[in-house]
Amino acid sequence: LAGYGGIFQRNVRNSGVIPQISVILGPCAGGAAYSPALTDFVFMVRGTSQMFITGPDVVQAVTGEAVTMEHLGGADSHAGASGVAAFAYDDEQSCLEDVRHLLSLLPSNNRELSPAGDLEDPADRRCESLLDLVPAKPTQGYDIRDLIEEVADHGDYFEVHAQWAQNVVCALTRLGGHVVGIVANQPAHLAGVLDIQASEKAARFVQFCDSFSIPLVTLIDVPGFLPGVDQEHNGIIRHGAKLLYAYCNATVP
758 LAGYGGIFQR
768 NVRNSGVIPQ
778 ISVILGPCAG
788 GAAYSPALTD
798 FVFMVRGTSQ
808 MFITGPDVVQ
818 AVTGEAVTME
828 HLGGADSHAG
838 ASGVAAFAYD
848 DEQSCLEDVR
858 HLLSLLPSNN
868 RELSPAGDLE
878 DPADRRCESL
888 LDLVPAKPTQ
898 GYDIRDLIEE
908 VADHGDYFEV
918 HAQWAQNVVC
928 ALTRLGGHVV
938 GIVANQPAHL
948 AGVLDIQASE
958 KAARFVQFCD
968 SFSIPLVTLI
978 DVPGFLPGVD
988 QEHNGIIRHG
998 AKLLYAYCNA
1008 TVP
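Oh and the sequence shown: position 149 is 906 in this note's numbering, straight run, nothing missing.
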């Protein structure tokens, strides 16, 4: 337990000071699973990576539920259901390539700026496709990723938590060579409405960008917060306030 405590303490003390990335390439069970959860980004590989506090045998003994390791704590379970993993891949090579890509967008610490990109994509280029992106009918959805791809340098952006809380899109990209964080409602999923998971996802991303001096670009097309008894009873006020707090507390442009 003392060993766990020392690791957790280092995770927390370095939070917001240096970017912390966890790459899970095997089983990560029990107390060890908390350390990746304290880091900024978790990468997992399907069929190889598992994270859980109690394994399938314990779950079945205590609750009677029969579950596989992959279903209980596999890459897709955490990337799509729990939100613990920001990224899920089919193989280790793709996973490690994206780790390198992410590192190319981040500063080494909170006193440095993110690496600058090239200026070959003209800042004054016209984006003609944006004129027809938003449908005339307010009830018709569209994919906000099309807008992000159009305005990003070279059409390149790096989406975070793509499988979780898909009604909001969080991504890192470059504009004019400078790294920025994009927070955008996604009209193609639940009409872009904000719910508990979307609020939590966006709030954490905003706080990360603020910690490392990454300017924020917010693309808004939202009907409001998702109504319903489940949302109210599960704390939409509390979780929605996290998003408000993150934006109000941010000091980046």
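Cβ coordinates follow ideal geometry from the N, Cα and C atoms, glycine included.
Computed from a predicted structure; not experimentally measured.
Q. Are the beta-carbon atoms of Asp-881 and His-911 separated by less than 8 Å?
A. no
Q.
Let me check understanding here. Comparing Cα to Cα, which of Tyr-899, Asn-991, Asn-924, Ala-941 lies closest to Tyr-914?
A. Ala-941
Q: Please go through the same chain and pick out, in chain order, the residues whose beta-carbon is closer than 6 Å to the beta-carbon of Ile-1018, but skip the five residues on each side of it.
A: Given that the chain is displayed from residue 758 to residue 1010, the structure contains no residue 1018 and the question cannot be resolved.
Q. Is DSSP giving Arg-866 helix, strand or coil here?
A. Rather than Arg, the amino acid found at residue 866 in this sequence is Asn. Coil.
Q | Ala-948 - DSSP class collapsed to helix/strand/coil | A | helix
(Q) Can you tell me whether Thr-1008 is helix, strand or coil according to DSSP? (A) coil
Q) Relative to the alpha-carbon of Gly-762, which residue among Val-774, Pro-776, Leu-795, Ile-781 has its alpha-carbon at the smallest distance? A) Leu-795
Q: List the whole-angstrom C-beta distance separating Ile-810 from Ala-790, where the pair is believed to meet the contact cut-off of C-beta under 8 Å.
A: 6 Å
Q) Does the beta-carbon of Cys-737 have 16 or more other beta-carbons within 10 angstroms, so that it is buried, or is it exposed? A) Since the first and last residues shown for the chain are 758 and 1010, residue 737 lies out of range.
Q: Starting from Ile-939, trace the beta strand (DSSP E) both ways and give me its first and last residue.
A: 935–942
(Q) Relative to the C-alpha of Val-1011, which candidate in Val-963, Asp-847, Glu-885, Asn-771 has its C-alpha closest? (A) Residue 1011 falls outside the range modelled here, since the chain spans only 758 to 1010, and no answer is possible.
Q) Is the CB-CB distance between Ser-806 and Gly-783 below 8 Å? A) yes
Q) Is the stretch 943–952 touching the stretch 984–1001 in the sense that three or more CB pairs, one from each, lie closer than 8 Å? A) yes
Q. What is the DSSP secondary structure of Ile-781, counted as helix, strand or coil?
A. strand
Q) In whole angstroms, what is the alpha-carbon distance linking Cys-785 and Met-808? A) 5 Å
Q.
Among the candidates Ser-834, Pro-972, Arg-868, whose CA atom is the shortest distance from the CA of Tyr-1004?
A. Pro-972
Q: Express the C-alpha separation of Ser-839 and Ile-939 in angstroms, rounding to a whole number.
A: 22 Å
Q. Near Gln-923, what residues of its chain come up, given a Cβ to Cβ distance below 7 Å and the 5 sequence neighbours on each side ignored?
A. Gln-943, His-946
Q. Which residues in the same chain as Leu-876 place their Cβ atom closer than 8 Å to its Cβ, once the five residues preceding and following it in sequence are excluded?
A. Gly-933, Gly-934
(Q) Rounding to the nearest angstrom, what Cα-Cα distance links Phe-982 and Ala-823 in this structure? (A) 36 Å
Q | Reduced DSSP secondary structure (H/G/I, E/B, other) of Gly-837 | A | helix
Q.
Would Trp-921 and Ala-832 be called neighbours here (beta carbons separated by less than 8 Å)?
A. no
Q | DSSP state of Gly-985 mapped onto helix, strand, coil | A | coil
Q) Quick one, are the C-beta atoms of Leu-890 and Asp-903 less than 8 Å apart? A) yes
**Q.** Rounded C-alpha distance that separates Asp-900 from Phe-969
**A.** 28 Å
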